[in-house]
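J.: Here the sequence shown is numbered in my numbering, starting from 31 and rising by one per residue.
Using N, Cα and C, we set each Cβ at its ideal position, and we do this for glycine too.
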Amino acid sequence: MKQKNFKALLFRLDWEKENALRNKQIIEFTKKLGRSDLKIRLLLPDKKTFSSTKDVNPFIQAIHKIGISPAETMALLTQPEDIESARDNGFALIVGCKTTKEENETEHFFTKGADIVIQNLSDLQAKWIDKWFNRYPPHLLESTPIFPIENKKIFLNPRYLYSDYKIMEGKEKAVFFFDYDGTLTPIVERPALAKISPEMKEIVKQLSLQYKCAIVSGRGVKNIQALVDIPGIFYVGDHGLEIIGPGTSMLHPKAKKFLPLIQNISKIVDKSLSHIPGVIVEKKKMSVAIHYRQVLKKDLTSLKLPLNKVLKENRENIRVLKGKKVIEFLPNIEWNKGKAVLWILNTLGVDWSEGKIFYLGDDTTDEDAFRILRTRGTGILIANKAQKSAADFRLSSPEEVQYWLKQFLN
Numbered sequence: 031m032k033q034k035n036f037k038a039l040l041f042r043l044d045w046e047k048e049n050a051l052r053n054k055q056i057i058e059f060t061k062k063l064g065r066s067d068l069k070i071r072l073l074l075p076d077k078k079t080f081s082s083t084k085d086v087n088p089f090i091q092a093i094h095k096i097g098i099s100p101a102e103t104m105a106l107l108t109q110p111e112d113i114e115s116a117r118d119n120g121f122a123l124i125v126g127c128k129t130t131k132e133e134n135e136t137e138h139f140f141t142k143g144a145d146i147v148i149q150n151l152s153d154l155q156a157k158w159i160d161k162w163f164n165r166y167p168p169h170l171l172e173s174t175p176i177f178p179i180e181n182k183k184i185f186l187n188p189r190y191l192y193s194d195y196k197i198m199e200g201k202e203k204a205v206f207f208f209d210y211d212g213t214l215t216p217i218v219e220r221p222a223l224a225k226i227s228p229e230m231k232e233i234v235k236q237l238s239l240q241y242k243c244a245i246v247s248g249r250g251v252k253n254i255q256a257l258v259d260i261p262g263i264f265y266v267g268d269h270g271l272e273i274i275g276p277g278t279s280m281l282h283p284k285a286k287k288f289l290p291l292i293q294n295i296s297k298i299v300d301k302s303l304s305h306i307p308g309v310i311v312e313k314k315k316m317s318v319a320i321h322y323r324q325v326l327k328k329d330l331t332s333l334k335l336p337l338n339k340v341l342k343e344n345r346e347n348i349r350v351l352k353g354k355k356v357i358e359f360l361p362n363i364e365w366n367k368g369k370a371v372l373w374i375l376n377t378l379g380v381d382w383s384e385g386k387i388f389y390l391g392d393d394t395t396d397e398d399a400f401r402i403l404r405t406r407g408t409g410i411l412i413a414n415k416a417q418k419s420a421a422d423f424r425l426s427s428p429e430e431v432q433y434w435l436k437q438f439l440n
């Protein structure tokens, strides 16, 4: 297997088999993948099923112990609740492993968020997994199925066979989530120059009169609220750490204690990078972003050295996000844009089976939301050319976003 995008396998298989037989099948399966570098975590089936709402999710705990993220992990599970938990935490590939031959078991797995369902581990081939991790979302306006499948032993979630027409059916209860930079506005040289056009603003405003809408950004929540300035919608800042919405607000409870640290890091970074032409240090409430789009190539090493020093000195308390020509330091909390989306949907009381959920974004930080919404909503990547992504579809530019939203409204 050539693909290195996933680094770990997480098993929790509640089969009526002896442990030795189950372990033998797992060993045979991992050997078949031809990946000696893969890290394996096996959670015992007799332990309690874990809710995704718990502060410490054992699935996350298990892979973090080996230095791996959900985005790099394939989960093979037999319990519907485990599948739902894996989906809520954004695992890269979620495989429902059947314990019976009943069709309703397959449907139940799909309802909970399984990407695929198999009867036996031997049905899942390395070639198919490789194809999965090399998916390029089709262009939304070309009406192509998301992920056509050829292996008849693998049951693919029907959501992956949707076309652009299908995702717009039953849109009465739609909910829209938009990234800002690169989605509602073009990417520009300086963040301060990214202004939403009057035309785009009017479309989002009209959309918000009929449907629930949210802007999900890495910017500070007050900044993004001032830039968009549409009443009655949700604003999500600092990659989900702070949310303001109609009659509600949320600052992640674990984030508060990091405020002094983030403010101190902002000062250190600003001072240590002040001599580098073109660098922009964006100080936010719960994070600090270093934009280097205008930094010359010869100065990049000078940029990275002080940032690496800050990370080394605060490794346990901060984490790094890398976006398009930007590096960000945030509190080391298991939280992201996708988790913020779930928080809003729970606040709104949205039922997955009734609502149409759309998330549009262009950055690497939007991939968390794409993975969490996958099989339950529709992720739309904004990119001018085809590229690997967990999104379902692609639009080429903010102009195409505007065109598609007009179609939706009409």
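Would E111 and F36 be called neighbours here (beta carbons separated by less than 8 Å)?
T.: Within the sequence shown, the letter at position 81 stands for residue 111. Within the sequence shown, the letter at position 6 stands for residue 36. Cβ atoms of E111 and F36: not closer than 8 Å.
J.: Which residue spans inside the segment 226 to 296 form an unbroken beta strand (DSSP E) run of at least 3?
T.: Fully enclosed beta strand (DSSP E) runs of 3 or longer: 242 to 246, 264 to 267, 272 to 275, 278 to 281.
J.: Taking 8 Å as the limit between beta carbons, can you name the residues of its chain near I98, skipping five residues before and five after?
T.: Numbered from 1 along the sequence shown, position 68 holds the residue referred to as residue 98. Counting only Cβ-Cβ distances below 8 Å, and skipping sequence neighbours, we find K37, A38, K69.
J.: Please determine, among Q432, I93, S296, the residue with the shortest C-alpha to C-alpha distance to T213.
T.: Here residue 213 corresponds to residue number 183 of the sequence shown, with the count starting at 1. Here the closest residue by C-alpha is Q432.
J.: Given a cut-off of 8 Å on the beta-carbon distance, is the pair R404 and A416 in contact?
T.: As a working note, residue 404 is residue 374 in the sequence shown. As a working note, residue 416 is residue 386 in the sequence shown. Going by C-beta atoms, R404 is not nearer than 8 Å to A416.
J.: Can you look up H305 in the DSSP assignment and give me helix, strand or coil?
T.: Stepping through the sequence shown from its first residue, residue 305 is reached at position 275. Coil, per DSSP.
J.: Taking the alpha-carbon positions, what's the L425 to L171 distance?
T.: Position 395 of the sequence shown, counting from 1, holds the residue named residue 425. Position 141 of the sequence shown, counting from 1, holds the residue named residue 171. Straight-line Cα distance between these residues: approximately 8 Å.
J.: Is D396 near the ligand GTP, judged by its Cβ being under 7 Å from some heavy atom?
T.: The ligand GTP is absent from the structure shown, which contains no ligands of any kind.
J.: What would DSSP say about D44, mapped onto helix, strand or coil?
T.: By one-based count along the sequence shown, residue 44 stands at place 14. Coil.
J.: Quick one: complete beta strand (DSSP E) runs, 3+ long, within the segment 53 to 129?
T.: Whole beta strand (DSSP E) segments, 3+ residues: 69 to 72, 103 to 107, 123 to 127.
J.: Looking at F264 and G248, is the spacing between their C-beta atoms short of 8 Å?
T.: Here the question's residue 248 lines up with position 218 in the sequence shown. Here the question's residue 264 lines up with position 234 in the sequence shown. Not in contact: G248 and F264 (Cβ atoms no closer than 8 Å).
J.: Let me know the alpha helix (DSSP H) ranges lying completely inside the segment 341 to 419, each 4 residues or longer, listed in chain order.
T.: 367 to 378, 397 to 403, all fully within the segment 341 to 419.
J.: Inspect the beta-carbon positions of V246 and F206 and report whether they are closer than 8 Å.
T.: Residue mapping note: residue 246 aligns to position 216 of the sequence shown, counting from 1. Residue mapping note: residue 206 aligns to position 176 of the sequence shown, counting from 1. No; because the gap between Cβ atoms is not below 8 Å, this pair is not in contact.
J.: Roughly how many whole angstroms lie between the Cα atoms of F288 and P361?
T.: As a working note, residue 288 is residue 258 in the sequence shown. As a working note, residue 361 is residue 331 in the sequence shown. Distance between the alpha carbons of F288 and P361 is about 6 Å.
J.: Please report how far the alpha carbon of L43 lies from the alpha carbon of R349, in whole angstroms.
T.: By one-based count along the sequence shown, residue 43 stands at place 13. By one-based count along the sequence shown, residue 349 stands at place 319. So the two alpha carbons sit approximately 32 Å from each other.
J.: Which value, in whole angstroms, describes the spacing of the CA atoms of K203 and K386?
T.: Taking the first residue of the sequence shown as position 1, residue 203 is located at position 173. Taking the first residue of the sequence shown as position 1, residue 386 is located at position 356. Cα to Cα, K203 sits roughly 6 Å from K386.
J.: When the distance is taken between beta carbons, is I410 closer than 8 Å to G368?
T.: On the sequence shown, position 338 is the one that residue 368 refers to. On the sequence shown, position 380 is the one that residue 410 refers to. It is not a contact, given that the beta carbons lie outside the stated cut-off.
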